[in-house]
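The structure appears right after this line, and notes come after that.
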Amino acid sequence: MIVDIDFGPVTVLVVDGNAYGRAFLRSALQSFGVRRVVEAADGDAAVAALEAERIDVVLVDAEVAPAGGTELTRSLRRGRVAGRAAVPVVMLSEAAEPAAVAAARAAGITELLVKPASAESLYRRLRDALVNPRPFVAAESYVGPCRRTVALVPPDQGERRTSPPLPAPPPLVAVPPGVAHSMVRRAQAEAQLADRQDGSDRILYRHFKAGESIFAEGAPGDEAYVIQRGRVAIEKEVGGQPVRLGEVAAAGVFGEMALIDGEPRMAAARAIEDTTCLAISKAALKAQLNRTPDLVILVVETLLHDIRKMGRELVEARSRIRVRREGGD
């Protein structure tokens, strides 16, 4: 496991009635670099801690007294602690049945971690909650992070939202550059150094107007891009319609994975506003990978993390479908 973000400024509240459970979580968090861990043995103590100081994320056991982690989460989402309704909540539970998962999601949890949990799985959930926060929904029937993992209309019910989708909030911690991103930046630095030394024109700055396509889904991956200014949308076509997967802002990197595996682009990129990018060639990027073999291990770890995340989302989707079917029987 590689810890690639700075947890130093993060304060974590651990809510668990079992002293051993709290000790395990505290030890794991400290190994990630978390300096401030606040402990609470029950829900009332957790509320007091949230009222007393700034908490960035809550780890709560599903069975914590007096009413359980699900009810504690629901009460927080409904304003039990002023100004803290949107605090990320990661629940640890021994129950993985569809009904239990659905109830936790309906209460407004951010992430669910099934026990027994490893330090690595805890790190992944914590990282996702802080680096990829979801829009916060405040409606009569539900309060909590948006439960949609992709911007797709439910195929069996149609669009139920009456308002446009909420924008994704910014990360709660500094976003890591990523494995492939580091290779792109090293290739960028070396190309800039070579330009200064021999006056060659290895660096290409590309300018895109708002709405202009940068590359299409399925196109060859011949360049990666570092955004100098502007914003770029990453989109994928689903059912004949473009679905926005995310946005990349200034200093961000995109288009790098197609250079590594040689496969066509898995998604399209489009300028949201007037954008200037520095283009890095495939040859420069692969040369950096060849000079640093250890990066291959990091690439594999990153891909495995993405596969695990997709697996979790698939389990959640199946659970939702099963609950709907059982409710209709």
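The numbering of the sequence shown is my numbering, which starts it at 28 and goes up by one.
C-beta: ideal position from N, C-alpha, C; glycine also.
Treat the numbers as computed from the prediction; the structure is a model and nothing was measured.
Tell whether a beta-carbon distance below 9 Å holds between residue i and residue j.
| i | j | result |
| --- | --- | --- |
| valine 275 | isoleucine 307 | no |
| glutamate 300 | glycine 273 | no |
| glutamate 264 | alanine 295 | yes |
| serine 168 | lysine 142 | no |
| histidine 359 | threonine 137 | It is not possible to answer for residue 359, since the shown part of the chain is limited to 28 through 356. |
| valine 37 | arginine 53 | no |
| alanine 131 | glycine 96 | yes |
| valine 74 | leucine 56 | no |
| valine 108 | glycine 135 | no |
| alanine 68 | valine 91 | yes |
| glutamate 80 | valine 41 | no |
What are the boundary residues of the beta strand (DSSP E) that residue i is part of?
| i | result |
| --- | --- |
| glycine 297 | Contrary to the premise, residue 297 reads as arginine rather than glycine in this sequence. Note, arginine 297: beta strand (DSSP E), 295-298. |
| serine 120 | 116-120 |
| glutamate 66 | 63-67 |
| arginine 233 | 231-235 |
Between which two residues does the alpha helix (DSSP H) containing residue i stretch?
| i | result |
| --- | --- |
| leucine 77 | 70-79 |
| serine 102 | 96-104 |
| alanine 92 | No alpha helix (DSSP H) holds alanine 92; DSSP gives it neither H nor E. |
| phenylalanine 51 | 46-59 |
| alanine 131 | 125-134 |
Assign residue i to one of three DSSP states: helix, strand, or coil.
| i | result |
| --- | --- |
| leucine 140 | strand |
| alanine 260 | strand |
| proline 269 | strand |
| leucine 199 | coil |
| tyrosine 150 | helix |
| tyrosine 252 | strand |
| proline 172 | strand |
| serine 145 | coil |
| valine 108 | coil |
Taking the alpha-carbon positions, what's the residue i to residue j distance?
| i | j | result |
| --- | --- | --- |
| leucine 157 | aspartate 83 | 9 Å |
| aspartate 43 | proline 93 | 11 Å |
| methionine 293 | arginine 105 | 40 Å |
| alanine 127 | alanine 277 | 41 Å |
| serine 102 | methionine 118 | 14 Å |
| glycine 110 | alanine 285 | 43 Å |
| aspartate 155 | alanine 50 | 22 Å |
| alanine 46 | alanine 165 | 34 Å |
| valine 259 | arginine 297 | 6 Å |
| arginine 161 | glycine 282 | 23 Å |
Using 10 angstroms around the beta-carbon of residue i, count the other beta-carbons present and answer buried if the total reaches 16, otherwise exposed.
| i | result |
| --- | --- |
| glycine 60 | exposed |
| asparagine 147 | Here residue 147 is glutamate; the residue named in the question, asparagine, does not match the sequence. The residue in question, glutamate 147, is exposed, as its Cβ has fewer than 16 Cβ neighbours within 10 Å. |
| alanine 89 | buried |
| leucine 149 | buried |
| phenylalanine 34 | buried |
| aspartate 356 | Per-residue confidence for aspartate 356 stands at a pLDDT of 47, beneath the threshold of 50, marking its modelled position as unreliable; the derived number appears in the next sentence. Aspartate 356 comes out exposed. |
| leucine 231 | exposed |
| proline 198 | exposed |
| alanine 237 | exposed |
Contact criterion: CB-CB distance below 9 Å. Does residue i meet it with respect to chain B?
| i | result |
| --- | --- |
| arginine 53 | No chain B is part of this structure, which consists of one protein chain only. |
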